[in-house]
Amino acid sequence: MIYLARDAMNRAYAPYSGFQVGAVVRGANGGLFAGCNVENAAYPQGCCAEAAAVAAMVLAGENRIAEVLVMGRGEQLVSPCGGCRQRIREFADDSAPVHICGEEGLRKTLTLGELLPLSFGPGHLK
Numbered sequence: 001m002i003y004l005a006r007d008a009m010n011r012a013y014a015p016y017s018g019f020q021v022g023a024v025v026r027g028a029n030g031g032l033f034a035g036c037n038v039e040n041a042a043y044p045q046g047c048c049a050e051a052a053a054v055a056a057m058v059l060a061g062e063n064r065i066a067e068v069l070v071m072g073r074g075e076q077l078v079s080p081c082g083g084c085r086q087r088i089r090e091f092a093d094d095s096a097p098v099h100i101c102g103e104e105g106l107r108k109t110l111t112l113g114e115l116l117p118l119s120f121g122p123g124h125l126k
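In this text, residue positions in the sequence shown follow my numbering: the first is 1, and each later residue adds one.
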C-alpha cells in the first residue's frame, strides 16, 4: 500500500498549492485502489486523494473499505480532511484502520472512529 500511495502522491496534480497527496484504500475483497489529489483553478472543484481512491474502488465494484492509507510530504501528519473522513465512513465502520504516512513510511495508525467520533453513517438512514 505504501508503494502505491507514494506513486499516487508523485502523480498528483497540485500546481497551485504544491501539496501532493496519495491515498490507497483496500477493499473488503482485498483489492487495492489508489488516488491522488487533483487541483483546479476554481479551487472548490478540486478532488482529494482519498475521494479519488474511494471512487476507483466503487468503479471496480467493491463497496466496503477494510483499511485506508494516506501519504503526504512535510513534517506534519497528513490525515484525511473532514469531508473525506465522511466519504470513508460511507464504506467503512469505526474500526477501519487509517494509516497516516510520510515519504519515509508509516507515522501513525488511527481507527476511523478516532478520526470521526460519533459519526453519521448509512445505518442511521435505515
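Glycine residues also receive a C-beta, built at the ideal position from the N, C-alpha and C atoms.
Continuous alpha helix (DSSP H) stretch holding residue i: start and end
| i | result |
| --- | --- |
| F91 | G82 to F91 |
| E115 | Here residue 115 is Leu; the residue named in the question, Glu, does not match the sequence. It spans L112 to L115 - the alpha helix (DSSP H) in which L115 sits, taken as one unbroken run. |
| L209 | The structure shown does not extend to residue 209, since the chain spans only 1 to 126, so no value can be given for it. |
| D94 | No alpha helix (DSSP H) holds D94; DSSP gives it neither H nor E. |
| M57 | A49 to L59 |
| M1 | No alpha helix (DSSP H) holds M1; DSSP gives it neither H nor E. |
Residue i: first and last residue of the uninterrupted beta strand (DSSP E) it sits in
| i | result |
| --- | --- |
| L77 | Careful: L77 lies outside any beta strand (DSSP E) and carries neither H nor E. |
| G23 | With the sequence shown as reference, residue 23 is identified as Ala, and Gly is not the correct amino acid for it. It spans V21 to G27 - the beta strand (DSSP E) in which A23 sits, taken as one unbroken run. |
8 Å Cβ cutoff met for residue i and residue j
| i | j | result |
| --- | --- | --- |
| M9 | G18 | no |
| A52 | G30 | no |
| R144 | A28 | Look at the range of the chain in this structure, 1 to 126, and you will see that residue 144 is not part of it. |
| R11 | M71 | no |
| S79 | L116 | no |
| S95 | G82 | no |
| P122 | E90 | yes |
Integer Cβ distance of residue i from residue j, believed to fall under 8 Å
| i | j | result |
| --- | --- | --- |
| K108 | L77 | 6 Å |
| E50 | C84 | 4 Å |
Residue i, DSSP secondary structure in three states
| i | result |
| --- | --- |
| E67 | strand |
| A106 | According to the sequence displayed, residue 106 carries Leu and not Ala. L106: strand per DSSP, three-state reduction. |
| Y13 | strand |
Residues near residue i by beta carbon distance below 7 Å, same chain, minus five either side
| i | result |
| --- | --- |
| P97 | E67, T109 and T111 |
| L4 | V24, L32 and A34 |
Close beta carbons around residue i, own chain, < 8 Å, minus the five adjacent residues each side
| i | result |
| --- | --- |
| G46 | N37, V38, E39 and N40 |
| G105 | I2 |
| A55 | G35 |
Chain-order list of residues whose beta-carbon lies under 6 Å from that of residue i (same chain, five-residue window excluded)
| i | result |
| --- | --- |
| E62 | G27, N29 and G31 |
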